[in-house]
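Student:
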Amino acid sequence: MTKTVWIIRREVWVTMKTGFDCLAETMHWVSAEPVHKGWSDDRKYRVVTGEGKTCLLRLSDAEHYDAKKKEYEIITKYAGLGFPMSQPIDFGMTGDRSLVYMLLSWVDGTDLEQILPGLPEETQYQLGRKAGDILKMIHSLSLDPGDIPVCTKKAKKLKQLSNYEQSDIRFNDDESAIRFVRENIDLIWKEPPVYQHGDYHPGNLIYTPKGTIGVIDFNRWEVGDPYEEFYKLESFGRELSIPYCIGQIDAYFQDNVPADFWKTLAVYVAHASLYSIKWAEKFGQEEIDGMIARCKAAFEDYDGFSSVVPKWYHKWRK
Numbered sequence: 002m003t004k005t006v007w008i009i010r011r012e013v014w015v016t017m018k019t020g021f022d023c024l025a026e027t028m029h030w031v032s033a034e035p036v037h038k039g040w041s042d043d044r045k046y047r048v049v050t051g052e053g054k055t056c057l058l059r060l061s062d063a064e065h066y067d068a069k070k071k072e073y074e075i076i077t078k079y080a081g082l083g084f085p086m087s088q089p090i091d092f093g094m095t096g097d098r099s100l101v102y103m104l105l106s107w108v109d110g111t112d113l114e115q116i117l118p119g120l121p122e123e124t125q126y127q128l129g130r131k132a133g134d135i136l137k138m139i140h141s142l143s144l145d146p147g148d149i150p151v152c153t154k155k156a157k158k159l160k161q162l163s164n165y166e167q168s169d170i171r172f173n174d175d176e177s178a179i180r181f182v183r184e185n186i187d188l189i190w191k192e193p194p195v196y197q198h199g200d201y202h203p204g205n206l207i208y209t210p211k212g213t214i215g216v217i218d219f220n221r222w223e224v225g226d227p228y229e230e231f232y233k234l235e236s237f238g239r240e241l242s243i244p245y246c247i248g249q250i251d252a253y254f255q256d257n258v259p260a261d262f263w264k265t266l267a268v269y270v271a272h273a274s275l276y277s278i279k280w281a282e283k284f285g286q287e288e289i290d291g292m293i294a295r296c297k298a299a300f301e302d303y304d305g306f307s308s309v310v311p312k313w314y315h316k317w318r319k
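Numbering-wise (this note's numbering), the sequence shown opens with residue 2 and increments by one.
1) Could you pull out every residue in the same chain whose Cβ sits closer than 8 Å to the Cβ of glutamine 258, ignoring the five residues on either side in sequence?
2) Identify the continuous alpha helix (DSSP H) that holds leucine 266 and give its terminal residues.
3) Which runs of the beta strand (DSSP E) at least 3 residues long sit entirely within the stretch 190-274? Give them in chain order.
4) My understanding is that tyrosine 208 touches threonine 111, with C-beta atoms under 8 Å, so please give their C-beta distance in whole angstroms.
5) Give the secondary structure of aspartate 109 by DSSP, where H, G and I count as helix, E and B as strand, and everything else as coil.
6) Exposed or buried, isoleucine 217, counting other C-beta atoms within 10 Å across all chains shown (16 or more means buried)?
7) Throw me the rounded Cβ distance for the alanine 68 and valine 48 pair, which I believe falls under 8 Å.
8) Rounded to a whole number of angstroms, what is the C-alpha to C-alpha distance between valine 182 and tyrosine 269?
9) Suppose you measure from the CA of aspartate 148 to the CA of asparagine 164; what does that come to, to the nearest Å?
10) Find out if the Cβ-Cβ distance for the pair aspartate 226, proline 203 is shorter than 8 Å.
11) Short of 7 Å in beta carbon distance, which residues of its chain neighbour isoleucine 116, apart from the five on each side in sequence? Order them along the chain.
12) Assign glycine 129 to one of three DSSP states: helix, strand, or coil.
13) By the DSSP assignment, the alpha helix (DSSP H) with phenylalanine 181 in it spans what residues?
14) Within the stretch 33-105, note down every full alpha helix (DSSP H) run reaching 4 residues or more, in order along the chain.
15) In the DSSP assignment, the alpha helix (DSSP H) including glycine 147 goes from what residue to what residue?
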C-alpha cells in the first residue's frame with residue numbers, strides 16, 4: 002500500500018469507523034482513494050476491500066440525511082430494473098452523527114464520454130440506442146404519489162431566464178431564444194411526470210467491458226417532464242457524438258419520434274443554453290467560455306430557434 006493511499010484511507014477510517022462497525026467490508030479495506038469527477042458536493046471514494054471488491058463510498062454532511070435517504074431509496078428502486086448501474090449496498094450515519102454515508106457498487110469500465118468519439122459511428126449510434134432503452138425503463142417506473150411535485154418547473158425556468166437577463170455576461174443576439182422560451186413555456190410538463198435520472202448524458206454513463214452501458218450518479222434524480230431529460234444531449238452529447246444522440250432519441254421513442262417532442266425539447270434547449278452561462282459564473286471563466294461555446298452551437302443547430310428540430314438529427318443520416 003502506498004503512503005498516499007494509506008493517508009487517504011486513514012482520513013476516511015477515522016471519520017467513518019464508528020458508523021461502519023456493523024459492516025465487515027469496513028474492517029478489510031485495502032484502499033480508499035478520492036474520486037474528484039463530477040459536480041456533486043458529496044465526498045466520494047473508490048473503496049477496495051480485502052476480498053478485492055470495489056465499491057463507491059459517498060459522504061455528505063448530516064444535515065442532508067433526509068435527502069440522501071430518499072436518494073438511496075430511489076437508487077434501490079432503479080436497481081430493480083436490471084440494467085448495469087451503481088447498486089445499493091448500505092446507507093446510514095457515522096457513529097458521531099456528523100456524516101451520512103452511502104455505499105454503492107462500483108461500475109467497471111471507462112467513462113463513456115472519453116471513449117465515445119473514437120468508436121465507429123455505427124457503434125456510437127447503437128450505444129445511444131442502449132442509453133435510450135435504459136432511460137425509457139427509468140421513466141416507466143410507477144410513481145409513488147408522495148413523490149409527485151405540487152408545482153411544475155415553469156415558474157422556476159422563467160425565474161432563471163430573468164436571472165440570466167440581469168447578468169453581466171450574455172450571449173450576443175440572445176433575444177430570439179429568450180422570446181422563444183417565454184412564448185412556448187406552456188409546452189413543458191404536458192407529459193405525465195416520471196422518475197428522472199436528472200443528469201443523463203455520456204459523462205454519467207460507463208462503457209463496460211461487455212460493450213454495454215452502465216449508469217452512475219443518481220444524486221440529481223427528481224420527478225418531472227420526461228422530455229426534459231433530453232436537453233443535455235445538446236449541452237454535452239452532440240459535441241462528443243451526434244450518432245449517439247440520435248440513437249438515444251430513436252430508441253426511446255421506438256423510431257417514431259412524436260412531433261410535440263421536438264418543440265418542447267427546443268424550449269428546454271433554448272433555456273438551458275442561456276441559463277447555463279449564468280450558472281457557470283461561480284466556476285470561473287473556463288466554464289463560462291465552455292457554456293458560451295455550447296450556446297453558440299445550439300443557436301446554429303436550431304437556426305436561432307426559428308427551427309425546432311436540430312440540424313444534426315437529419316444531417317448524420319444523409
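Ideal Cβ placement from N, Cα and C applies to all residues, glycine included.
Tutor: For this structure:
1) Residue 258 sits at position 257 when you count from the first residue of the sequence shown. Residue 258 is actually valine in this sequence, not glutamine. Excluding residues up to 5 positions away in sequence, Ile250, Asp251 lie with their Cβ nearer than 8 Å to the Cβ of valine 258 in the same chain.
2) Here residue 266 refers to the residue found at position 265 of the sequence shown. 260-281 is the extent of the alpha helix (DSSP H) around leucine 266.
3) You should have 195-197, 206-208, 214-216, 223-225.
4) As a working note, residue 208 is residue 207 in the sequence shown. As a working note, residue 111 is residue 110 in the sequence shown. Taking a contact as a CB-CB distance under 8 Å, the pair tyrosine 208 and threonine 111 counts as one, their CB atoms being some 5 Å apart.
5) Residue mapping note: residue 109 aligns to position 108 of the sequence shown, counting from 1. Secondary structure of aspartate 109 (DSSP, three-state): coil.
6) Within the sequence shown, numbered from 1, the residue matching residue 217 stands at position 216. Burial call: buried.
7) Residue 68 sits at position 67 when you count from the first residue of the sequence shown. Residue 48 sits at position 47 when you count from the first residue of the sequence shown. With a Cβ gap of about 22 Å, alanine 68 and valine 48 do not count as contacting.
8) The residue given as residue 182 occupies position 181 in the sequence shown. The residue given as residue 269 occupies position 268 in the sequence shown. Between valine 182 and tyrosine 269, the C-alpha separation is close to 8 Å.
9) Locating residue 148 in the sequence shown gives position 147, counting from the first residue. Locating residue 164 in the sequence shown gives position 163, counting from the first residue. Rounded to the nearest angstrom, the two C-alpha atoms are 28 Å apart.
10) Stepping through the sequence shown from its first residue, residue 226 is reached at position 225. Stepping through the sequence shown from its first residue, residue 203 is reached at position 202. Contact: no.
11) Counting from 1 along the sequence shown, the entry for residue 116 is found at position 115. If we look at isoleucine 116 and ignore the five residues flanking it on each side, its Cβ neighbours are Tyr208.
12) Here residue 129 refers to the residue found at position 128 of the sequence shown. In the three-state scheme derived from DSSP, where H, G and I count as helix and E and B as strand, glycine 129 is classed as helix.
13) Walking along the sequence shown from the start, residue 181 turns up at place 180. According to the DSSP assignment, phenylalanine 181 belongs to the alpha helix (DSSP H) that extends over 176-185.
14) The stretch 33-105 contains these whole alpha helix (DSSP H) runs: 66-80.
15) Residue numbering aside, residue 147 sits at position 146 when the sequence shown is read from its first letter. Bounds of any alpha helix (DSSP H) do not take in glycine 147, whose DSSP letter is neither H nor E.
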